[in-house]
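K.L.:
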Amino acid sequence: MAERGPEPAAAAVAALPPEVRAQLAELELELSEGDITQKGYEKKRSKLLSPYSPQTRETDSTGQKDRNQTPTAAQTSAPSKYHRARSGGARDERYRSDIHTEAVQAALAKHKEQKMALPMPTKRRSTFVQSPADACTPPENVSAPPDVTATAPSSSIRPANIDLPPSGIVKGVHKGPSRSSLMDTADGVPVSSRVSTKIQQLLNTLKRPKRPPLKEFFVDDSEEIVEVPQPDPNQPKPEGRQMTPVKGEPLGVICNWPPALESALQRWGSTQAKCPCLTGLDVTGKPVYTLTYGKLWSRSLKLAYTLLNKLGTRNEPVLKAGDRVALVYPNNDPVMFMVAFYGCLLAEVIPVPIEVPLTRKDAGGQQIGFLLGSCGIALALTSEICLKGLPKTQNGEIVQFKGWPRLKWVVTDSKYLSKPPKDWQPHISPAGTEPAYIEYKTSKEGSVMGVTVSRLAMLSHCQALSQACNYSEGETVVNVLDFKKDAGLWHGMFANVMNKMHTISVPYSVMKTCPLSWVQRVHAHKAKVALVKCRDLHWAMMAHRDQRDVSLSSLRMLIVTDGANPWSVSSCDAFLSLFQSHGLKPEAICPCATSAEAMTVAIRRPGVPGAPLPGRAILSMNGLSYGVIRVNTEDKNSALTVQDVGHVMPGGMMCIVKPDGLPQLCKTDEIGEICVSSRTGGMMYFGLAGVTKNTFEVIPVSSSGSPVGDVPFIRSGLLGFVGPGSLVFVVGKIDGLLMVSGRRHNADDIVATGLAVESMKTVYRGR
63 MAERGPEPAA
73 AAVAALPPEV
83 RAQLAELELE
93 LSEGDITQKG
103 YEKKRSKLLS
113 PYSPQTRETD
123 STGQKDRNQT
133 PTAAQTSAPS
143 KYHRARSGGA
153 RDERYRSDIH
163 TEAVQAALAK
173 HKEQKMALPM
183 PTKRRSTFVQ
193 SPADACTPPE
203 NVSAPPDVTA
213 TAPSSSIRPA
223 NIDLPPSGIV
233 KGVHKGPSRS
243 SLMDTADGVP
253 VSSRVSTKIQ
263 QLLNTLKRPK
273 RPPLKEFFVD
283 DSEEIVEVPQ
293 PDPNQPKPEG
303 RQMTPVKGEP
313 LGVICNWPPA
323 LESALQRWGS
333 TQAKCPCLTG
343 LDVTGKPVYT
353 LTYGKLWSRS
363 LKLAYTLLNK
373 LGTRNEPVLK
383 AGDRVALVYP
393 NNDPVMFMVA
403 FYGCLLAEVI
413 PVPIEVPLTR
423 KDAGGQQIGF
433 LLGSCGIALA
443 LTSEICLKGL
453 PKTQNGEIVQ
463 FKGWPRLKWV
473 VTDSKYLSKP
483 PKDWQPHISP
493 AGTEPAYIEY
503 KTSKEGSVMG
513 VTVSRLAMLS
523 HCQALSQACN
533 YSEGETVVNV
543 LDFKKDAGLW
553 HGMFANVMNK
563 MHTISVPYSV
573 MKTCPLSWVQ
583 RVHAHKAKVA
593 LVKCRDLHWA
603 MMAHRDQRDV
613 SLSSLRMLIV
623 TDGANPWSVS
633 SCDAFLSLFQ
643 SHGLKPEAIC
653 PCATSAEAMT
663 VAIRRPGVPG
673 APLPGRAILS
683 MNGLSYGVIR
693 VNTEDKNSAL
703 TVQDVGHVMP
713 GGMMCIVKPD
723 GLPQLCKTDE
733 IGEICVSSRT
743 GGMMYFGLAG
753 VTKNTFEVIP
763 VSSSGSPVGD
773 VPFIRSGLLG
783 FVGPGSLVFV
793 VGKIDGLLMV
803 SGRRHNADDI
813 VATGLAVESM
823 KTVYRGR
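According to my numbering, the sequence shown holds residues 63 to 829 in order.
1. Are Pro497 and Ser516 closer than 7 Å when you measure CB to CB?
2. Run through the stretch 361 to 391 for me and flag every whole beta strand (DSSP E) of 3 or more residues, listed as ranges in chain order.
3. If I measure Cβ to Cβ from Ala809 and keep anything under 6 Å in the same chain, skipping five residues before and after, which residues do I get?
4. Less than 7 Å between C-beta atoms, sequence neighbours within five positions excluded: which residues of the same chain meet that for Asp51?
5. At which residues does the alpha helix (DSSP H) containing Ser325 begin and terminate?
6. Spatial neighbours of Ser509 within its chain, please: CB distance less than 7 Å, with the 5 preceding and 5 following residues excluded, ordered by chain position.
7. Just to confirm, are Ala388 and Ile460 a CB contact at a threshold of 7 Å?
8. So Pro721 packs on Ile796, CB below 8 Å; how close in whole Å?
9. Please work out which residues of its chain come closer than 7 Å, Cβ to Cβ, to Ala335, disregarding the five sequence neighbours upstream and downstream, and give them in chain order.
10. With respect to the alpha helix (DSSP H) encompassing Phe637, which residues constitute its N-terminal and C-terminal limits?
11. Around the C-beta of Glu446, are 16 or more other C-beta atoms found within 10 angstroms, so that it is buried, or is it exposed?
12. Using a 10 Å radius around the Cβ and a threshold of 16 neighbouring Cβ atoms, would you call His489 buried or exposed?
13. Give me the Cα-Cα distance between Pro769 and Pro712, rounded to the nearest whole angstrom.
14. Would you say Glu659 and Ile776 are within 7 Å of each other, going by their C-beta atoms?
15. Short of 7 Å in beta carbon distance, which residues of its chain neighbour Gln328, apart from the five on each side in sequence? Order them along the chain.
16. Between Thr538 and Lys574, which are expected to be in contact by the criterion C-beta below 8 Å, what is the C-beta distance as a whole number of angstroms?
17. Let me know if Leu724 comes out buried or exposed under the rule of 16 or more other beta-carbons within 10 Å of its beta-carbon.
18. Using the C-alpha atoms, what's the distance from Gly794 back to Val411?
19. Which class does Val572 belong to by DSSP, given the choice of helix, strand or coil?
20. What is the DSSP secondary structure of Cys654, counted as helix, strand or coil?
21. Pairs of beta-carbons, one from the stretch 780 to 791 and one from the stretch 637 to 653, closer than 8 Å: are there three or more?
22. Spatial neighbours of Thr341 within its chain, please: C-beta separation below 6 Å, excluding the five flanking residues on both sides.
23. Three or more C-beta pairs under 8 Å: does that hold for the stretch 740 to 749 against the stretch 513 to 530?
24. Below 6 Å CB to CB, which residues in the same chain sit around Val82 once its five sequence neighbours on both sides are set aside?
25. Measuring only the C-alpha atoms, how far is Met683 from Met801?
26. Could you tell me which whole alpha helix (DSSP H) segments of length 4 or greater appear in the stretch 570 to 628?
27. For Met661 and Leu420, what's the separation of their Cα atoms in angstroms?
28. Please report the distance separating the alpha-carbon of Ser528 from that of Val710.
29. Which residues mark the beginning and the end of the beta strand (DSSP E) in which Pro762 is found?
30. Between which two residues does the alpha helix (DSSP H) containing Ala519 stretch?
31. Under the DSSP definition of a beta bridge, which residues are partnered with Leu747?
32. Do three or more CB pairs link the stretch 518 to 526 to the stretch 736 to 745 at distances below 8 Å?
33. Going by DSSP, which residues form a beta bridge with Tyr502?
34. Does Glu81 come out as helix, strand or coil in the three-state DSSP assignment?
35. Taking the beta carbon of Ile761 as the centre, do at least 16 other beta carbons fall within 10 Å, making it buried, or is it exposed?
36. Closest to Val693 by C-alpha separation, out of Gly102, Pro298 and Tyr114, would be which residue?
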């Protein structure tokens, strides 16, 4: 390594102004980086020092001789990175100049005052764009080397066109404490040094981030990721004329129909006391108890008297007319439920049947609790057996169910009821618009709403069912449905009392152990009517081999209450093919469509023996996905076969409206929501005025937007159309409607597809 220059040269350089020494330091770095040649360095250095004293020029020549005597100077100044790497990082004499040493000392002095902090990354950008940090004005109190503190002000030391380097390592400077001599502090305060523009650009590049700013991650680029569905130019569109509301047959006036349902109970309980009304089965499927019309009347009377007179004092009764009470009875106890329901009707209180709570934190029970609270219910009726099975605290009290209001529990077993005086009679008036009962309904979101049914709607519905099903006195009905709601309640608890029929209730627990039990009850009691779902048909077929000596020849109506589902047609066909040899008549299968709001929407009437069966609708799945009706051929895999659910109920009127937006009437070949106008539907969602108006007070409009009449309709929540012969077809439900890329798909059809195909082999395209 070459020796350092003589001391006088260093003293002469130290006497130069600071700006000159800074420029000399820059020249030193440019030479070390290879930005200029040795000759260019000497020329610029001579030009820089020429205005000063001859002693300085002497010093310059002396220093030049020293550098010429250094054998490694030309080698280390080569611009090749390869040669710089080959040098092994040996320190060159140029890096030990006094100007460089002073700059290092100044930077270290400033570095001790302010702690170094690494800058946060910033976005990469062009090196020709000056960042706001680069354009900042340095503070006036910039520290200078100790020996030049009395020199020119900082404004003359720092020209405005010089970029100050940010914090970072300068390329070409050896490791060690001196590397900070050419760096800014972390907060942008510069040191007394001057660097080249290239070094500044390099440090600015290192300072910028390798990832985009956070805000760029939230740019809405969904159009690039997900293809926006465009309307298919070949999609089918409805071509028919605008439909007109379809009317059902007139509701006939029968002379012996009672003015109220309670009047029918009073009539049969007084004149036909020995006739059977309801039979319950035990866990083995055998009859365990039969409730006669006389017993039903007397027990209901006792309960009504107890509710009105024995729960409180005469001045402060617990219940009064119009109050609401909860009915909590298990699904295997229809007798106690029936007594409680008619007891509430006679007392003019409004029953709200609910499910039995099993645990304190039952998730579904919380929604039921919301319904009970909104209805203002403070009293729950139950049986002694059910009360013993409810969860209790350590003190033996019934637990407070989560989300439920505080309830007083009343046991309705006969031994706990008070016999009314002979002069006491319930107040039975002709059916009006006052509420009779509330049936709960669970929406698609899981919320529970209460559909309020008036006494007039309850009576009119019983009359319509009696006329459509041609019910007559003394007939036996086998009910496999839930007797607390929907068709199980309407046929098994209301219409049977209207017509003095005998209902045999088959609980769900019996169906689990003996799926053929309802078929055995039809055979044993020569039942005329059976109320089932498709699942009951399927289970009976699976258990058919267990017992073959059964006859279904007595059935004139096999009412399939979920006949609106797409898979019902295959279940009905399979059941008929298996049990037709056991006397089942093809015309006895009667699918129907129901909803909690519109009650029975349509039902197929019992057919005449030998008459042709109603036709099937074989529809294009592609057309259905666009909401239009296109007839298809049965041999195509993309076709959906649906069966009719009969005609509009007697006394009712039906129309089909678009499922979205205004209730505009659909065209004759268009799928829409079925709406019904009659006296047999619900009147409101209890306590929900806004939702009620949109469901129970619908006024259909034409394509021009003008109202079609002034008669309000009720939305049924069913999707379908009216086919030839005014037959009603249902293809799904609003709650099960799925919209995918502008096309409609129905959750019920997904289930039907899974049941119709062998998934291990194939799934048909389009299904």
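Glycine residues also receive a C-beta, built at the ideal position from the N, C-alpha and C atoms.
P.N.:
This is what the structure gives:
1. Position 435 of the sequence shown, counted from the first residue, corresponds to residue 497. Position 454 of the sequence shown, counted from the first residue, corresponds to residue 516. Cβ atoms of Pro497 and Ser516: closer than 7 Å.
2. 386 to 390
3. Locating residue 809 in the sequence shown gives position 747, where the first residue counts as 1. Correct list, in chain order: Gly798.
4. Outside the shown range of the chain, which is 63 to 829, sits residue 51, and nothing can be said about it.
5. Position 263 of the sequence shown, counting from 1, holds the residue named residue 325. Segment Leu323 to Thr333, the alpha helix (DSSP H) holding Ser325.
6. Within the sequence shown, the letter at position 447 stands for residue 509. So the list reads Gln429, once near-sequence residues are dropped.
7. Sequence index remark: in the sequence shown, residue 388 carries index 326 (1-based). Sequence index remark: in the sequence shown, residue 460 carries index 398 (1-based). No; because the gap between Cβ atoms is not below 7 Å, this pair is not in contact.
8. On the sequence shown, residue 721 is found 659 positions in, with the first residue counted as 1. On the sequence shown, residue 796 is found 734 positions in, with the first residue counted as 1. Their Cβ separation, rounded to whole angstroms, is 6 Å, which keeps Pro721 and Ile796 in contact under 8 Å.
9. In the sequence shown, residue 335 corresponds to position 273, counting from 1. Cβ neighbours of Ala335 beyond the five flanking positions: Thr354, Tyr355 and Gly356.
10. Locating residue 637 in the sequence shown gives position 575, where the first residue counts as 1. That run of the alpha helix (DSSP H) goes Ser630 to Phe641.
11. Position 384 of the sequence shown, counted from the first residue, corresponds to residue 446. That one is exposed.
12. For the purposes of this step, residue 489 is identified with residue 427 of the sequence shown, where counting begins at 1. Looking at its Cβ environment, which holds fewer than 16 other Cβ atoms inside 10 Å, His489 is exposed.
13. Counted from its first residue, the sequence shown places residue 769 at position 707. Counted from its first residue, the sequence shown places residue 712 at position 650. About 24 Å.
14. By one-based count along the sequence shown, residue 659 stands at place 597. By one-based count along the sequence shown, residue 776 stands at place 714. Yes, they are a contact pair.
15. Within the sequence shown, the letter at position 266 stands for residue 328. Trp359 and Ile490, listed in sequence order.
16. By one-based count along the sequence shown, residue 538 stands at place 476. By one-based count along the sequence shown, residue 574 stands at place 512. Contact flag wrong, Cβ pair sits at about 24 Å.
17. Walking along the sequence shown from the start, residue 724 turns up at place 662. That one is exposed.
18. As a position in the sequence shown, residue 411 is number 349, starting the count at 1. As a position in the sequence shown, residue 794 is number 732, starting the count at 1. When rounded, the distance between both Cα atoms is 36 Å.
19. Position 510 of the sequence shown holds residue 572. In the structure shown, Val572 sits in a helix (DSSP, three-state: H, G or I).
20. Reading the sequence shown from its first residue, position 592 is the one you call residue 654. If DSSP states are grouped into helix, strand and coil, Cys654 belongs with the strands.
21. no
22. Indexing the sequence shown from 1 puts residue 341 at position 279. Correct list, in chain order: Pro349, Thr352 and Ile566.
23. yes
24. For the purposes of this step, residue 82 is identified with residue 20 of the sequence shown, where counting begins at 1. Once the five neighbours on either side are set aside, Val82 has no close Cβ partner at all.
25. Taking the first residue of the sequence shown as position 1, residue 683 is located at position 621. Taking the first residue of the sequence shown as position 1, residue 801 is located at position 739. C-alpha separation (whole angstroms): 14 Å.
26. 570 to 575, 579 to 587 and 596 to 604
27. Numbered from 1 along the sequence shown, position 599 holds the residue referred to as residue 661. Numbered from 1 along the sequence shown, position 358 holds the residue referred to as residue 420. Using only the alpha carbons, I get a separation of about 29 Å.
28. Translated into positions along the sequence shown, residue 528 becomes position 466. Translated into positions along the sequence shown, residue 710 becomes position 648. Roughly 14 Å between the two C-alpha positions.
29. Here residue 762 corresponds to residue number 700 of the sequence shown, with the count starting at 1. Per DSSP, Pro762 belongs to no beta strand (DSSP E) and is neither H nor E.
30. The residue you call residue 519 lines up with position 457 of the sequence shown. Looking at the DSSP string, the run of the alpha helix (DSSP H) that includes Ala519 is Arg517 to Cys531.
31. Here residue 747 refers to the residue found at position 685 when the sequence shown is read from its first residue. Sequence check: residue 747 is Tyr here, not Leu. In DSSP, Tyr747 forms a bridge with Val513.
32. yes
33. Position 440 of the sequence shown, counted from the start, is the residue given in the question as residue 502. Gly512.
34. In the sequence shown, residue 81 corresponds to position 19, counting from 1. Residue state, collapsed to three classes: helix.
35. The residue you call residue 761 lines up with position 699 of the sequence shown. Per the 10 Å Cβ criterion, exposed.
36. By 1-based counting over the sequence shown, the position of residue 693 is 631. Comparing Cα-Cα distances from Val693 to each of Gly102, Pro298 and Tyr114, the minimum goes to Pro298.
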